[in-house]
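S.K.:
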Amino acid sequence: MSNRQARREQSRRPRGGASRPTAARRPSPGGSGGGGAGDFLSGRFILIAMVLVAILVVGIGVIATISGGDGDDSGLVELLVAAEANFPSDMADGYAVGSEDAPLTITQYEDFQCPFCLSYTARNEPGIIDQYVKSGQVRLIFQNFPILGLESVAAGKAVECAAQQDKFWEMQHELFLLQAKEGQASNEKNNVGRFSDDALRGFAGDIGLDLDQYDTCFADSTTLETVQDSAATARSFGLSGTPGFLFNGVPLPGGAPASFEGWQEVIDAELERLAGDDGADATATP
Numbered sequence: 037m038s039n040r041q042a043r044r045e046q047s048r049r050p051r052g053g054a055s056r057p058t059a060a061r062r063p064s065p066g067g068s069g070g071g072g073a074g075d076f077l078s079g080r081f082i083l084i085a086m087v088l089v090a091i092l093v094v095g096i097g098v099i100a101t102i103s104g105g106d107g108d109d110s111g112l113v114e115l116l117v118a119a120e121a122n123f124p125s126d127m128a129d130g131y132a133v134g135s136e137d138a139p140l141t142i143t144q145y146e147d148f149q150c151p152f153c154l155s156y157t158a159r160n161e162p163g164i165i166d167q168y169v170k171s172g173q174v175r176l177i178f179q180n181f182p183i184l185g186l187e188s189v190a191a192g193k194a195v196e197c198a199a200q201q202d203k204f205w206e207m208q209h210e211l212f213l214l215q216a217k218e219g220q221a222s223n224e225k226n227n228v229g230r231f232s233d234d235a236l237r238g239f240a241g242d243i244g245l246d247l248d249q250y251d252t253c254f255a256d257s258t259t260l261e262t263v264q265d266s267a268a269t270a271r272s273f274g275l276s277g278t279p280g281f282l283f284n285g286v287p288l289p290g291g292a293p294a295s296f297e298g299w300q301e302v303i304d305a306e307l308e309r310l311a312g313d314d315g316a317d318a319t320a321t322p
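At position 253 of the sequence shown (counting the first as 1) the number is 289 in the working numbering, and the numbers step up by one without a gap.
1) Starting from R159, trace the alpha helix (DSSP H) both ways and give me its first and last residue.
2) What would DSSP say about V228, mapped onto helix, strand or coil?
3) Tell me where the alpha helix (DSSP H) around G111 begins and ends.
4) Decide yes or no for the touch test of the segment 179-199 against the segment 146-155: beta carbon pairs closer than 8 Å, at least 3 of them.
5) Would you call the CB atoms of T278 and C153 closer than 8 Å?
6) Compute the Euclidean distance between the alpha carbons of Q220 and Q264, then round it to the nearest angstrom.
7) Does the pairing of the segment 127-141 with the segment 176-186 give three or more beta-carbon distances under 8 Å?
8) What number of angstroms, rounded off, separates the C-alpha of M267 from the C-alpha of E306?
9) To the nearest angstrom, how far is the alpha carbon of S257 from that of G185?
10) Assign D109 to buried or exposed, taking buried as 16 or more other Cβ atoms, counted over all protein chains shown, within 10 Å of its Cβ.
11) Using only alpha-carbon positions, find the residue among F123, N122, I164, P124 that is nearest to I142.
12) Just verifying my parser: in three-state terms, what is the DSSP assignment at T278?
13) Exposed or buried, what is S276 when buried is set at 16 or more other beta-carbons lying within 10 Å of its beta-carbon?
14) Do P162 and L21 count as a contact pair if the criterion is CB distance below 8 Å?
15) Give the range of the beta strand (DSSP E) segment to which L288 is assigned.
16) Give the range of the beta strand (DSSP E) segment to which V174 is assigned.
17) Tell me which residue opens and which closes the beta strand (DSSP E) that L140 is part of.
18) The alpha helix (DSSP H) that contains E210, what's its start and end?
19) Could you have a look at A294 and say whether DSSP puts it in helix, strand or coil?
20) With 16 as the cutoff for other CB atoms within 10 Å, does V117 come out buried or exposed?
21) Under three-state DSSP, which class holds G246?
22) Between the beta-carbon of G172 and the beta-carbon of S222, is there less than 8 Å?
23) Please state whether DSSP places D313 in a helix, a strand or coil.
24) Are the CB atoms of L140 and I243 within a distance shorter than 8 Å?
25) In angstroms with no decimal places, state the Cα-to-Cα distance between G312 and A138.
26) Roughly how far, in whole angstroms, is the beta-carbon of L247 from the beta-carbon of K203, given that I think they are within contact range, below 8 Å?
27) Can a CB atom of chain C be found closer than 8 Å to the CB of I164?
28) In three-state DSSP terms, what is D265?
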């Protein structure tokens, strides 16, 4: 290197031989190191996501519990089986069970697809029969009130045909027992083939109906008219849902009690009122 080139190179270096400082680099966004904001935000995001997932799982569980999940009405099945074993067949007459001389007649309007009708039939009707029908205080009468679709109407026709052969209560039991086995009270499903014409005919055979007579009845237009007339009568009393009840032809105010204890209260009160009315009439008679 020539002297001129050496002097030129020396003039480019900082004085004192110190090297030029390197500019500090700005950390890239989201970079690691030293517990930076990126780590904090990522951790918080994961925590929030985990909490949301937990809430979602719990919510699904609650909804499943309320709706009954796949449905488990095994308790109702047991109650219905026991009720059939204790049913007073000798007191049955078509759609009715109980003495015609009973002071209180309870008419119950029901739909065989109605989950509340199923619950009533399993939980409350057996107690009413045991305590009040067998003692001669109450007469129960079933009436069709199909409001949940075509299969409700078909079931109504089937029980009408069973009643014509004096086996209404056997058919009623079979239809509600099927619904309990399918979990209808805890997970309602309507018009899904349970009460197809073929399925209903199968039940007719199971309870020993004359199938030729059943087929003729089921196909007869007057059978459908009978079911429709029953529904129209229910509406004429102001009933719009099922089950609906009449006490001696008067709609039960306040709706159906939820428990058998509730039924005991309203029935006992009505029987007491009727007894008082009879006593007053006897006193007033010259």
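All C-beta atoms in this analysis are idealised placements derived from N, C-alpha and C, irrespective of residue type, glycine included. Here the structure is a predicted model, which means the values were calculated and not measured.
M.R.: Reading off the structure:
1) 151-159
2) coil
3) Its alpha helix (DSSP H) spans residues 110-122.
4) yes
5) yes
6) When rounded, the distance between both Cα atoms is 24 Å.
7) yes
8) One detail in the question is off: residue 267 reads as Ala in this sequence, not Met. Looking at the two C-alpha atoms, the distance is approximately 26 Å.
9) 18 Å
10) buried
11) Nearest C-alpha to I142: I164.
12) coil
13) exposed
14) Residue 21 lies beyond the residue range present for the chain, which begins at 37 and ends at 322; the question has no answer from this structure.
15) It is not in any beta strand (DSSP E) - L288 carries neither H nor E in the DSSP assignment.
16) 174-180
17) Element bounds for L140: 140-146.
18) 204-217
19) DSSP places A294 in coil when its eight states are reduced to three.
20) Exposed.
21) In the sequence under discussion, the amino acid at residue 246 is Asp, which differs from the Gly named in the question. It is coil, neither helix nor strand.
22) By the CB criterion at 8 Å, G172 and S222 fall outside the cutoff.
23) Helix at D313.
24) no
25) 15 Å
26) Not a contact, Cβ separation roughly 12 Å.
27) Note that chain C does not occur in the displayed structure, where there is just one protein chain.
28) Correct three-state label for D265: helix.
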